[in-house]
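Everything on this sheet refers to the single structure shown next.
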Amino acid sequence: MEETFRAPGAGLRLAPLALLLLVAVSLHVSALRAPFVGDDFAMLDEVGFRPLPGAVLAPDPTGDAFRPVGRQLHFWLIGHLCGASPVAAHVANLALFLTVLALLAWIAVRLVGPYAAILTVALAGMSYALEVPVLSASGAQYLIALAAALASIVSYANGARQIAAVALFLALLSNEAMVLAPLVAVVASRRPRELFRNSLRQAWPLLAAIGGWLVLWLGALLRHDLSLDDSGPFRWGAVPATFSHLLPVALGLEWKRGAGPALHIGWFGIGTMVVATAAVAWASARRRQGRTNTSSRVERRGPRGIFVGLLWAVGGTLPVILVIPTWSAHQYLFGLCGVWLLLGAWAARQPRWVGPTLVALAGLCSQNTLGLESVATAKDPWIPQSHVNRYSLMQEMQPVAHFAAELKRVRPRLPSGSTLFFSGVPHFWEVGGGRLVRWAYRDSTLRAYDLTVFSLDRTKGTPCTTSPPPSCVTWRWARFASGAAARRTKR
12 MEETFRAPGA
22 GLRLAPLALL
32 LLVAVSLHVS
42 ALRAPFVGDD
52 FAMLDEVGFR
62 PLPGAVLAPD
72 PTGDAFRPVG
82 RQLHFWLIGH
92 LCGASPVAAH
102 VANLALFLTV
112 LALLAWIAVR
122 LVGPYAAILT
132 VALAGMSYAL
142 EVPVLSASGA
152 QYLIALAAAL
162 ASIVSYANGA
172 RQIAAVALFL
182 ALLSNEAMVL
192 APLVAVVASR
202 RPRELFRNSL
212 RQAWPLLAAI
222 GGWLVLWLGA
232 LLRHDLSLDD
242 SGPFRWGAVP
252 ATFSHLLPVA
262 LGLEWKRGAG
272 PALHIGWFGI
282 GTMVVATAAV
292 AWASARRRQG
302 RTNTSSRVER
312 RGPRGIFVGL
322 LWAVGGTLPV
332 ILVIPTWSAH
342 QYLFGLCGVW
352 LLLGAWAARQ
362 PRWVGPTLVA
372 LAGLCSQNTL
382 GLESVATAKD
392 PWIPQSHVNR
402 YSLMQEMQPV
412 AHFAAELKRV
422 RPRLPSGSTL
432 FFSGVPHFWE
442 VGGGRLVRWA
452 YRDSTLRAYD
462 LTVFSLDRTK
472 GTPCTTSPPP
482 SCVTWRWARF
492 ASGAAARRTK
502 R
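In this note's numbering, the protein residues as written are 12 to 502.
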């Protein structure tokens with residue numbers, strides 16, 4: 012084990028790594044201004060007003076997965092400890108993002124050497140695939156799962172098998188795509204000439220964690236707490252389609268079908284990539300100037316790391332086959348870690364200009380992809396564009412934030428138990444369940460409906476408020492008339 016996972020030494024240059032982490036954070040710091048949107052309100056509404064046991068044991072609010080840690084527990088903590096603040100949710104996402112990069116560096120430096128670890132972290136930190144998990148509060152489920160899976164690999168390699176099992180269990184309860192993480196942990200920490208069956212026998216705590224998760228998952232399925240309808244029937248054509256996207260996503264390549272690749276990158280993206288490339292070049296120059304015979308063997312012991320990276324990439328990508336008709340880049344994250352490790356190990360064995368060039372090209376492509384002003388809508392496994400991306404999130408976030416602010420401006424307070432009726436509002440406004448309204452006023456007793464379903468039964472015993480349609484140009488709201496609809500009905 013010591014020959015595969017080594018304690019970090021002076022070879023890992025902390026200054027270039029710190030600079031890369033700073034650049035990575037700068038790419039996502041604007042997420043701190045992002046509001047809640049879509050599924051965020053469903054999570055907050057279902058678990059935010061419950062005690063902790065009831066929140067964790069409650070059925071998944073969206074009904075499409077069993078992820079009580081990544082969804083229910085996370086949003087319960089955001090709601091009860093952070094006042095359901097979107098800023099706090101995105102601070103947590105940024106912290107998880109940095110944790111993922113740190114754990115990935117910890118693994119890479121032991122498998123492929125310090126310089127290859129710098130390259131691996133650079134490719135991961137600059138990738139557009141992490142944009143959606145950081146920008147969306149609900150994206151925390153992917154970051155929690157990835158961080159826990161990486162922590163499981165690190166713990167297992169350092170002999171803490173029980174801790175590794177707990178981390179894996181939490182990862183699976185956040186996102187089931189981490190189910191093959193034990194395979195990576197076993198192969199990465201396997202001693203030379205050790206029989207594979209002996210390695211598997213030692214991994215029984217990880218297998219027990221998978222078994223425990225599977226029992227809970229099947230229980231949720233039998234209780235009809237989740238549905239597998241969105242997965243659809245398995246088709247063998249999904250396999251090549253899934254793996255066809257892996258390398259382009261790792262290198263930051265997406266484009267709109269029919270239009271082909273085009274330039275969408277801004278000056279900020281170019282500037283950050285220049286700094287990231289300079290950090291990698293700095294690490295490369297220091298490595299070359301300070302090389303000894305011993306460090307040369309460490310840097311060039313790539314075959315083992317390349318094998319682990321290849322296995323990681325394949326195993327981490329297999330679960331994506333089930334959702335490939337509506338694929339998005341962030342669903343590849345666990346498999347991408349293997350690809351980045353593979354690319355880092357390969358580039359570290361090439362002439363010193365290869366590493367900085369690879370990071371520059373991949374980073375520029377990722378920033379260019381973030382500038383796409385379109386999103387895939389058709390269920391097609393071969394479409395070269397994500398079905399959820401930064402553009403689609405921003406299209407929802409901007410009007411939601413404005414509507415919530417206008418609602419609080421027009422009616423700063425509402426009596427407990429009020430019923431609101433809206434008309435003419437866009438599709439994103441959660442009128443039927445009143446989720447956005449309950450979050451805005453932090454009141455679980457509020458109800459909201461569309462004005463077309465108005466009835467006295469829905470207003471009996473509660474204050475009633477109506478809103479005329481807002482202007483489509485200025486998003487202006489007319490003054491609410493308390494009880495007006497009820498009075499008109501009586502006449």
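Think of the CB as a built atom: it goes at the ideal place given N, C-alpha and C, for glycine as much as any other residue.
Own chain partners of residue i with C-beta closer than 8 Å, once the 5 adjacent residues on each side are dropped
{"i": "T388", "result": "H398"}
{"i": "V319", "result": "L122, V195, V198, A199, G349 and L352"}
{"i": "A451", "result": "A415, L418 and K419"}
{"i": "A214", "result": "Y167, R172, P193, A196 and V197"}
{"i": "L257", "result": "A324, T328, Y343, G346, L347 and V350"}
{"i": "I281", "result": "L375 and Q378"}
Residue i: first and last residue of the uninterrupted beta strand (DSSP E) it sits in
{"i": "D461", "result": "R458 to D461"}
{"i": "L184", "result": "Segment: none, L184 is in no beta strand (DSSP E) and carries neither H nor E."}
{"i": "L31", "result": "No beta strand (DSSP E) contains L31, which is instead part of the alpha helix (DSSP H) from L25 to H39."}
{"i": "L431", "result": "T430 to F433"}
Cut-off 7 Å between Cβ atoms - residues of its own chain near residue i, not counting five sequence neighbours on either side
{"i": "G277", "result": "G382"}
{"i": "F108", "result": "H39, L141, V145 and L154"}
{"i": "L211", "result": "V197"}
{"i": "T175", "result": "Checking the displayed sequence, the identity of residue 175 turns out to be Ala instead of Thr. Closer than 7 Å at the Cβ level, and outside the excluded window around A175, lie S163, S166, Y167, A196, P216 and L217."}
{"i": "T456", "result": "S427 and G428"}
{"i": "V260", "result": "A140, A340, Y343 and L347"}
C-alpha distance - residue i paired with residue j, whole-angstrom precision
{"i": "M137", "j": "P330", "result": "24 Å"}
{"i": "V58", "j": "A373", "result": "39 Å"}
{"i": "I89", "j": "V143", "result": "19 Å"}
{"i": "V102", "j": "F180", "result": "24 Å"}
{"i": "T283", "j": "L84", "result": "35 Å"}
{"i": "R401", "j": "L467", "result": "42 Å"}
{"i": "L44", "j": "T110", "result": "This sequence places Arg at residue 44; Leu is not what is there. Rounded to whole angstroms, R44 to T110 spans 21 Å at the Cα level."}
{"i": "F491", "j": "A371", "result": "Note that F491 has pLDDT 34, beneath the 50 cutoff, so the model's placement of it is unreliable and the number below is only indicative. Each residue's Cα considered, the two are about 54 Å apart."}
{"i": "D391", "j": "V48", "result": "25 Å"}
{"i": "G428", "j": "T328", "result": "48 Å"}
{"i": "W393", "j": "R315", "result": "32 Å"}
{"i": "V285", "j": "L134", "result": "14 Å"}
{"i": "T73", "j": "L55", "result": "12 Å"}
{"i": "P367", "j": "L130", "result": "8 Å"}
{"i": "G65", "j": "W117", "result": "37 Å"}
{"i": "V190", "j": "W228", "result": "12 Å"}
{"i": "R302", "j": "E187", "result": "Low local confidence applies: a pLDDT of 44 at R302 is under 50, so the model's placement there is unreliable, with the coordinate-based value given in what follows. Going by the C-alpha atoms only, they are around 42 Å apart."}
{"i": "A359", "j": "A128", "result": "9 Å"}
With 16 other Cβ atoms within 10 Å as the buried cut-off, status of residue i
{"i": "A26", "result": "exposed"}
{"i": "A156", "result": "buried"}
{"i": "L30", "result": "buried"}
{"i": "N104", "result": "buried"}
{"i": "W364", "result": "exposed"}
{"i": "V464", "result": "exposed"}
{"i": "P193", "result": "buried"}
{"i": "Q173", "result": "exposed"}
{"i": "E265", "result": "buried"}
{"i": "L232", "result": "exposed"}
{"i": "Q361", "result": "exposed"}
{"i": "W357", "result": "buried"}
{"i": "L92", "result": "exposed"}
{"i": "Q378", "result": "buried"}
{"i": "F52", "result": "buried"}
{"i": "W338", "result": "buried"}
{"i": "R234", "result": "exposed"}
{"i": "A151", "result": "buried"}
{"i": "V291", "result": "buried"}
{"i": "A273", "result": "exposed"}
N-terminal and C-terminal residue of the alpha helix (DSSP H) that residue i is part of
{"i": "T253", "result": "A249 to S255"}
{"i": "L447", "result": "R446 to Y452"}
{"i": "F207", "result": "F207 to Q213"}
{"i": "F52", "result": "D50 to V58"}
{"i": "S200", "result": "A192 to S200"}
{"i": "G65", "result": "L63 to L68"}
Residues near residue i by beta carbon distance below 6 Å, same chain, minus five either side
{"i": "A35", "result": "G136"}
{"i": "V80", "result": "L181, L184 and S185"}
{"i": "R308", "result": "Any answer about R308 is weak, because its pLDDT of 46 lies below 50 and its placement is not dependable; what the coordinates show is given next. Closer than 6 Å at Cβ, skipping near neighbours: no residue."}
{"i": "Q300", "result": "In this prediction, Q300 scores a pLDDT of 44, lower than 50, which makes its location untrustworthy; the coordinate-derived value is nonetheless stated afterwards. There are no such residues."}
{"i": "H341", "result": "A140, V143, P144 and Y153"}
Interface flag, residue i vs chain B, CB-CB below 9 Å
{"i": "G49", "result": "The displayed structure is made up of one protein chain only, and chain B is not part of it."}
Within the stretch 83-156, ranges of the alpha helix (DSSP H) (whole runs, at least 4 residues) = The stretch 83-156 contains, as complete alpha helix (DSSP H) runs of 4+ residues, the segments 85-92, 97-122, 125-136 and 142-146 (chain order).
Would you list, in sequence order, the uninterrupted beta strand (DSSP E) runs of no fewer than 3 residues that lie entirely inside the stretch 331-407?
-> Counting whole runs of 3 or more residues, the stretch 331-407 contains no beta strand (DSSP E) stretch at all.
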